[in-house]
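Protein chains in written order, with this note's numbering: chain A, 133 to 373; chain B, 133 to 373. Have a look at the structure below before the remarks.
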C-alpha cells in the first residue's frame with residue numbers, strides 16, 4: 133500500500149460482493165484498506181457503491197468522496213475528464229462495478245486502457261467473480277475456458293449461438309461459459325435443454341456466494357427430469373467435458 | 133457456514149495467495165472461517181498447503197488434519213477413495229491448489245465432477261485468480277475472453293499458436309489470455325514481439341498481487357523499444373482490442 137503515499141497516480145480495480153449481506157465475508161482485508169484510503173471513485177452504479185461503502189462502516193463520510201458514474205459506453209470526453217481527475221487526485225482512485233470485478237462483463241475497460249496510456253498504475257485486487265466461481269464449481273476443465281458474455285435475445289439467433297458454443301466445445305475441448313439477464317434465465321434453460329444433446333453436461337450456477345447458492349452439473353437428459361426454476365436469480369451457465 | 137453442521141457433505145474450493153507474504157491481505161474472512169472448520173484437505177502440494185495453514189495462525193495443529201495430494205492426473209481409483217473420504221468425513225473438505233483457484237489452470241476438476249455425481253455440495257470461494265486479475269488490469273474487453281492455458285514448448289508450434297490466437301482475436305474480438313512456465317517467459321516474450329504485428333496491443337502482467345507486481349499494456353512496437361525481463365516471474369500474457 134506504500135504507493136498510495138508516492139506521486140504515481142493509482143487506479144485500483146476493486147471487486148464487490150455478488151450477493152446481499154456478504155460484504156464482510158467475501159471482501160479481503162486489502163480491499164477494506166484500499167477503500168479506506170481512497171478519495172476518488174468511478175462506479176458502475178453510484179447508489180450501489182455508496183451503500184456498499186456505508187455498510188462496511190469504515191468511518192468515512194460518504195459526502196466527502198468524489199464519485200463519478202461509468203456511463204455505458206464511456207464517451208472519449210468523459211474518459212479524458214476522468215483520467216485528468218485521477219492524475220490530479222491527492223490519493224488513489226478506485227473503480228467499482230455493481231457486483232463482481234470491474235471491467236469483466238461490466239464497464240471500465242476503456243478507462244483502464246486510457247490509464248495505461250497516461251502512465252497511471254493500474255492495480256487489480258482479488259475478489260468475487262461469478263465466472264471464476266462457476267468454473268471452479270462446475271467440475272469442468274479449467275485448463276482452457278471461454279467466457280462468451282450474454283447470449284442473443286432473439287430466439288432463433290440464441291438457438292444458433294448455443295449450437296455454436298457446443299460445436300466449439302466439441303472442436304477444441306474449451307469449457308464454454310455464458311450468462312443471461314436473470315429474468316430470461318428460464319427461457320434460456322428451456323432452449324438449452326431443447327438444443328443440446330441428451331448426453332452433454334450442463335452446469336447451472338445460481339446466486340453464487342449467496343444464501344440460495346446452487347451449483348449443479350448434470351447431463352441434459354437428467355436436467356429434463358426436473359427443469360430448474362432460476363427466474364430472476366443471477367446465474368452463470370457452462371458446458372464442458 | 134451453517135451447512136457444516138448438517139449431514140450434506142461439502143467440498144469447499146479454496147483459493148490461495150499468488151505471491152509471498154500476502155495471505156493476510158488477499159484471503160477473505162470467509163476463507164479463514166472455512167479453513168478453521170475443516171478436518172480434511174485435498175491439496176495440489178502438501179508442503180505449500182501446510183505452510184499456508186500454519187502461517188495463518190488459526191490455532192490448528194497441522195498433524196491432526198487429514199491431507200491428501202491431488203496427483204496429476206488423478207487416477208479413477210484415487211477419485212473413488214477421495215470421494216469416499218469426503219462422504220464419511222465428520223466435517224467439510226477443502227481443495228487447495230498451490231496458488232490461486234483450485235481447478236483453474238490447476239488440478240482438481242475431476243474430483244469436483246465426481247463430487248457432483250455423488251451429491252456432494254461443491255462450494256467455490258472467492259479469492260485470488262491470476263487470469264481474472266490480469267484481465268481486469270489489462271484494459272482489454274472483459275465482455276468476452278478466452279484463457280488458453282500454456283503455449284506449446286516447441287518454438288515452431290508456439291509461433292503458430294501465437295498466430296492462431298491473434299487470428300482468433302481479429303475474427304471474434306475475444307480477448308486472448310495465456311501463460312507460460314516462468315523460466316520460459318523471456319523466450320515467449322521474444323517470440324510474441326517477433327510474431328505479432330507492431331500495432332497489436334500486448335499486456336504483460338507479472339507477480340500479480342506481489343511486491344513486484346507490474347501490469348503493462350503497450351503496442352508491440354513500443355514493447356520492442358524496451359524488451360522486459362520477466363525470467364522466472366509468474367506472468368500472464370494477453371492480447372486484446
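All residues carry an ideal CB built from backbone N, CA and C; glycine is no exception.
Within its chain, find whatever has a CB closer than 6 Å to the CB of residue 154 of chain B; leave out the 5 residues flanking it on each side and keep chain order.
-> For the purposes of this step, residue 154 of chain B is taken as the residue at position 22 of the second chain. So the list reads 341, once near-sequence residues are dropped.
Three-state secondary structure (DSSP) at residue 172 of chain A?
-> As a position in the first chain, residue 172 of chain A is number 40, starting the count at 1. Correct three-state label for residue 172 of chain A: strand.
Helix, strand or coil at residue 148 of chain B [DSSP, three-state] = Within the second chain, numbered from 1, the residue matching residue 148 of chain B stands at position 16. Residue 148 of chain B falls in the strand class under three-state DSSP.
If you run the structure through DSSP and keep just helix, strand and coil, what is residue 230 of chain A?
-> Here residue 230 of chain A corresponds to residue number 98 of the first chain, with the count starting at 1. If DSSP states are grouped into helix, strand and coil, residue 230 of chain A belongs with coil.
Once you ignore the five residues that flank residue 134 of chain A on each side, which residues in its own chain have a CB closer than 6 Å to its CB?
-> The count along the first chain starts at 1 and reaches residue 134 of chain A at position 2. Here residue 134 of chain A scores only 46 on pLDDT, less than 50, and its place in the model should not be relied on; the value that follows carries that caveat. Here the set comprises nothing.
Residue 144 of chain B to residue 165 of chain B, Cα distance in whole Å?
-> Here residue 144 of chain B refers to the residue found at position 12 when the second chain is read from its first residue. Here residue 165 of chain B refers to the residue found at position 33 when the second chain is read from its first residue. Spanning the two alpha carbons is a distance of roughly 12 Å.
Indicate the three-state DSSP secondary structure (helix, strand or coil) for residue 162 of chain A in the structure shown.
-> Locating residue 162 of chain A in the first chain gives position 30, where the first residue counts as 1. In this structure, residue 162 of chain A counts as helix in the three-state DSSP scheme.
Mind checking which residues open and close the beta strand (DSSP E) that includes residue 317 of chain B?
-> The residue given as residue 317 of chain B occupies position 185 in the second chain. Run containing residue 317 of chain B: none in the beta strand (DSSP E); it sits in the alpha helix (DSSP H), 317–327.
So which of B/248, B/310, B/312, B/194 has the shortest CA-CA distance to residue 179 of chain B?
-> Translated into positions along the second chain, residue 179 of chain B becomes position 47. Ranking B/248, B/310, B/312, B/194 by Cα distance to residue 179 of chain B puts B/194 first.
Return no unless some Cβ of chain A is closer than 8 Å to the Cβ of residue 316 of chain B.
-> For the purposes of this step, residue 316 of chain B is taken as the residue at position 184 of the second chain. Chain A, which has no Cβ nearer than 8 Å to the Cβ of residue 316 of chain B, makes this no.
Could you tell me the boundaries of the alpha helix (DSSP H) in which residue 353 of chain A lies?
-> As a first step, residue 353 of chain A must be located in the first chain, where it is residue number 221. That run of the alpha helix (DSSP H) goes 352–355.
With 16 other CB atoms within 10 Å as the buried threshold, where does residue 353 of chain A fall?
-> In the first chain, counting from the first residue as 1, residue 353 of chain A sits at position 221. Exposed is the call here.
What is the residue span of the beta strand (DSSP E) that residue 333 of chain B lies within?
-> Here residue 333 of chain B is taken as the residue at index 201 of the second chain, counted from 1. Looking at the DSSP string, the run of the beta strand (DSSP E) that includes residue 333 of chain B is 333–338.
Please decide whether residue 268 of chain A counts as near chain B, where near means a Cβ-Cβ distance under 8 Å.
-> Position 136 of the first chain holds residue 268 of chain A. Yes, residue 268 of chain A counts as interfacial toward chain B.
Out of A/322, A/229, A/248, A/370, state which residue places its alpha-carbon closest to the alpha-carbon of residue 174 of chain A.
-> Start at 1 with the first residue of the first chain, and residue 174 of chain A comes out as number 42. When only C-alpha atoms are compared, the closest one is A/229.
Straight-line Cα distance separating residue 248 of chain A from residue 220 of chain A = Here the question's residue 220 of chain A lines up with position 88 in the first chain. Here the question's residue 248 of chain A lines up with position 116 in the first chain. Rounded to the nearest angstrom, the two C-alpha atoms are 16 Å apart.
Determine the chain B residues that contact residue 145 of chain A at a beta-carbon separation under 9 Å, and present them in chain order.
-> The residue labelled residue 145 of chain A in the question sits at position 13 within the first chain. 265, 268, 269, listed in chain order.
Quick one: is the Cβ of residue 303 of chain A within less than 7 Å of any heavy atom of the ligand SAH?
-> The model depicted lacks the ligand SAH and carries no ligand whatsoever.
Cβ-based neighbour list, residue 182 of chain B, same chain, cut-off 6 Å, excluding 5 preceding and 5 following = Along the second chain, read from residue 1 onward, the residue named residue 182 of chain B stands at position 50. 194.
Secondary structure at residue 374 of chain A, three-state DSSP: helix, strand or coil?
-> Since the first residue shown for chain A is 133 and the last is 373, residue 374 of chain A is missing from the structure and cannot be characterised.
Those residues which DSSP pairs with residue 254 of chain A across a bridge = On the first chain, residue 254 of chain A is found 122 positions in, with the first residue counted as 1. Partner(s): A/143.
Quick one: which unbroken beta strand (DSSP E) runs of 3-plus residues sit fully inside the region 265–308 of chain A? Chain order, please.
-> 277–282
Of all the options A/168, A/215, A/176, which has the alpha carbon lying nearest to the alpha carbon of residue 197 of chain A?
-> Sequence index remark: in the first chain, residue 197 of chain A carries index 65 (1-based). Here the closest residue by C-alpha is A/168.
According to DSSP, what are the bridge partners of residue 218 of chain B?
-> Taking the second chain and counting its residues from 1, the one referred to as residue 218 of chain B is at position 86. DSSP, once it has assigned bridges, lists no residue as partnering residue 218 of chain B.
Pull up the distance between the alpha-carbon of residue 284 of chain B and that of residue 278 of chain B, whole angstroms please.
-> Indexing the second chain from 1 puts residue 284 of chain B at position 152. Indexing the second chain from 1 puts residue 278 of chain B at position 146. Rounded to whole angstroms, residue 284 of chain B to residue 278 of chain B spans 17 Å at the Cα level.
Who pairs with residue 363 of chain A in a beta bridge, going by DSSP?
-> Here the question's residue 363 of chain A lines up with position 231 in the first chain. Answer is none; residue 363 of chain A lacks a bridge partner.
Supposed contact pair residue 291 of chain A and residue 373 of chain A - C-beta distance, whole angstroms, cut 8 Å = Working through the first chain from its first residue, we reach residue 373 of chain A at position 241. Working through the first chain from its first residue, we reach residue 291 of chain A at position 159. Incorrect: roughly 22 Å between the Cβ atoms, too far for contact.
Cβ-based burial, residue 85 of chain B [other Cβ within 10 Å; buried from 16] | There is simply no residue 85 of chain B to check, as chain B begins at 133 and stops at 373 in what is shown.
Identify the residues that DSSP records as bridge partners of residue 200 of chain B: which are they?
-> Here residue 200 of chain B refers to the residue found at position 68 of the second chain. Answer by DSSP bridge pairing, in chain order: B/174.
CB contact below 8 Å: residue 248 of chain A versus chain B | Here residue 248 of chain A refers to the residue found at position 116 when the first chain is read from its first residue. Chain B contact via Cβ: present.
Which whole-angstrom value describes the C-beta separation of residue 267 of chain A and residue 309 of chain A, a residue pair presumed to lie in contact below a C-beta threshold of 8 Å?
-> Your numbering for residue 267 of chain A matches position 135 in the first chain. Your numbering for residue 309 of chain A matches position 177 in the first chain. Confirmed, Cβ separation roughly 6 Å.
Beta carbon of residue 361 of chain B nearer than 8 Å to that of residue 299 of chain B | Here residue 361 of chain B is taken as the residue at index 229 of the second chain, counted from 1. Here residue 299 of chain B is taken as the residue at index 167 of the second chain, counted from 1. Contact: no.
So residue 345 of chain A is in the alpha helix (DSSP H); what residue range does that whole segment cover?
-> Locating residue 345 of chain A in the first chain gives position 213, where the first residue counts as 1. No alpha helix (DSSP H) contains residue 345 of chain A, which DSSP labels as neither H nor E.
Drop a sphere of 10 angstroms on the beta-carbon of residue 254 of chain B, count the other beta-carbons inside from all chains shown, and report buried for 16 or more, exposed for fewer.
-> For the purposes of this step, residue 254 of chain B is taken as residue 122 along the second chain, with counting starting at 1. Buried, since its Cβ has 16 or more Cβ neighbours within 10 Å.
Any C-beta of chain B sitting closer than 8 Å to the C-beta of residue 182 of chain A?
-> Your numbering for residue 182 of chain A matches position 50 in the first chain. So no, residue 182 of chain A is outside the interface.
Just the chain A side, please: which residues come within less than 8 Å of residue 348 of chain B by C-beta, in chain order?
-> Reading the second chain from its first residue, position 216 is the one you call residue 348 of chain B. Under the 8 Å cutoff, chain A gives 248.
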